[in-house]
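These notes are about the structure you will find just below.
Residue numbers (the working numbering): 26 to 215.
Structure, rendered in structure tokens:
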């Protein structure tokens, strides 16, 4: 995996958190600039913790089953990346109201739980990390940096506008993951 793929992976895994941060910030509006910054910082921190932990757990699982998945490595990467990408795109079109609508979601604990729930796909992708030709620390660091920045900006931007379609970021995230899955699959088949 080269640097461009690492950046695309980081963006792809972070865009669904961006959409979630945007939606959560719309659901818990703040009145002052200081409150918006505090809320955005709490959200970015909570989401970054889950963004670090779940892919790491996925990576550990991937290491545990590496001998098995190494045999089918190219196919595992293709199925995991494309499967998660398709799932994210499907979720973008679900019109069902989220369970958190109408509830207080401003505490760090609630934001952390929301971050973990939003990072399940990142954990699934982490299973394929042992097959990529880059140290897991670099992957997780890149994803954390991009995720923190995007979540922070989304939390701040949501107070400025509510017109942006909340479907666009997850659809883009799904497309990026599918493209990365196919590219890694082709690379591993060589």
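Note that the Cβ used here is the ideal one computed from N, Cα and C, for glycine as well.
Measure the C-alpha to C-alpha separation of residue i and residue j and round it to an integer number of angstroms.
i, j, result
"residue 175", "residue 39", "7 Å"
"residue 188", "residue 178", "Annotation note: pLDDT 47 at residue 188 (below 50); position unreliable, coordinate value reported separately. Straight-line Cα distance between these residues: approximately 16 Å."
"residue 125", "residue 173", "Residue confidence is low: residue 125 scores 48 on pLDDT, short of 50, so the model does not pin down where it sits. No coordinate-derived value is stated."
"residue 110", "residue 165", "18 Å"
Could you work out which residue in the options is closest to residue i when comparing CA atoms only?
i, options, result
"residue 41", "140, 156, 154, 210", "140"
"residue 28", "179, 157, 172, 196", "157"
"residue 210", "195, 107, 114", "107"
"residue 47", "180, 103, 200, 136", "180"
"residue 183", "151, 202, 49", "49"
"residue 97", "204, 205, 155", "155"
"residue 136", "199, 206, 205, 76", "76"
"residue 160", "45, 60, 195, 85", "85"
"residue 66", "131, 87, 93, 205", "131"
"residue 143", "74, 62, 31, 30", "74"
Where do the ends of the alpha helix (DSSP H) carrying residue i lie?
i, result
"residue 70", "58-89"
"residue 158", "Per DSSP, residue 158 belongs to no alpha helix (DSSP H) and is neither H nor E."
"residue 119", "Per DSSP, residue 119 belongs to no alpha helix (DSSP H) and is neither H nor E."
"residue 146", "145-151"
Determine the burial state of residue i: buried for a count of at least 16 other Cβ atoms within 10 Å of its Cβ, exposed for fewer.
i, result
"residue 162", "exposed"
"residue 72", "buried"
"residue 90", "exposed"
"residue 171", "buried"
"residue 119", "exposed"
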